[in-house]
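Chemist: I'd like to ask some things about the structure below.
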Amino acid sequence: NGRHCKYSLSDEIWHLWGKEACVAHRLDKETSGLILIAKNKKAQIDLKSLFEKKLVQKEYLALAHGKIEENFIVDKAINLTKNYDDIKTRMQICKEGKQAITEFEILEYFPKINATLLLCKPLTGRQHQIRVHLHYKNHTILGDPLYGLSKKQIESILDEKLNPKERLKLTGALRLCLHSYRLKFQYKN
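In our numbering, the protein residues as written are 7 to 195.
Laid out in structure tokens, this is it:
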């Protein structure tokens with residue numbers, strides 16, 4: 007539901023299941039894939055509770071810049087950037103932040119584009135968690151408009167002043183290569 011969006015996911019949900027239906031969890035802008043829908047308020051409360059209690063296992067696929075040699079885990083707290091000159095929605099690694107743990111498993115390396123396909127398992131649910139943890143390991147996600155770029159480059163993408171060819175050259179893809187792949191949870195047996 008962006009500012010400039012005339013028809014959103016919420017509109018589609020309401021069209022299919024009525025005005026009580028709603029999203030039960032969120033994805034970062036540009037992240038593709040699975041999204042969990044609750045058909046009513048009671049279901050939304052129940053499903054959100056599962057996420058809050060960490061009873062939902064989430065798996066994402068990410069295409070990251072460079073050749074990653076081995077599986078790894080990042081256990082680094084993250085929070086909104088404290089740099090007032092920075093982009094306000096950007097997160098950063100910081101000791102005072104909230105605990106964030108992500109497991110990364112290599113699935114395949116693509117030498118022609120020098121990118122590694124990863125299975126990412128966030129064990130906590132922080133904003134931009136996978137993206138921040140990969141950036142911390144110097145492997146940003148292809149197409150990422152926030153991490154691994156200068157403030158000027160980020161603003162040109164977010165303000166849609168960069169044409170698709172320029173974004174492709176700058177980030178390696180036309181959009182963020184992060185996909186919500188699998189959700190595992192138990193709901194009412």
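Beta carbons are placed, not taken as given, at the ideal position from N, Cα and C, and that holds for glycine.
(1) What span of residues does the beta strand (DSSP E) with residue 99 cover, start to end?
(2) Give me the residue from 97, 155, 118 with the minimum Cα distance to residue 73.
(3) What is the residue span of the beta strand (DSSP E) that residue 63 lies within?
(4) Going by Cα to Cα distance, which pick from 18, 52, 69 is closest to residue 141?
(5) From the DSSP output, in three-state form, read off residue 52 for me.
(6) For residue 173, name the three-state secondary structure that DSSP assigns.
(7) Could you tell me which residues DSSP pairs with residue 110 in its beta bridges?
(8) Distance check for residue 34 and residue 95, CA to CA, integer angstroms please.
(9) Return the residue from the list 29, 38, 114, 115 that minimises the CA-CA distance to residue 45.
(10) Three or more C-beta pairs under 8 Å: does that hold for the stretch 131 to 139 against the stretch 96 to 111?
(11) Can you check which of these residues, 77, 102, 21, 144, is closest to residue 87 by C-alpha distance?
(12) Give me whichever residues DSSP pairs with residue 38 in a beta bridge.
(13) Let me confirm a value: residue 24 is counted as buried when at least 16 other C-beta atoms fall within 10 Å, else exposed. Which label applies?
(14) Express the C-alpha separation of residue 189 and residue 47 in angstroms, rounding to a whole number.
(15) Should residue 191 go down as buried or exposed, given a rule of 16 or more other Cβ atoms within 10 Å for buried?
Modeler: The relevant details are as follows:
(1) 97 to 99
(2) 118
(3) 63 to 71
(4) 69
(5) Per DSSP, reduced to three states, the secondary structure at residue 52 is helical.
(6) When DSSP states are grouped into helix, strand and coil, residue 173 belongs to the helix group.
(7) 78, 126
(8) 11 Å
(9) Check the Cα spacing between residue 45 and each of 29, 38, 114, 115: the tightest is with 29.
(10) yes
(11) 102
(12) 185
(13) It is exposed - the Cβ of residue 24 has fewer than 16 other Cβ atoms within 10 Å.
(14) 20 Å
(15) exposed
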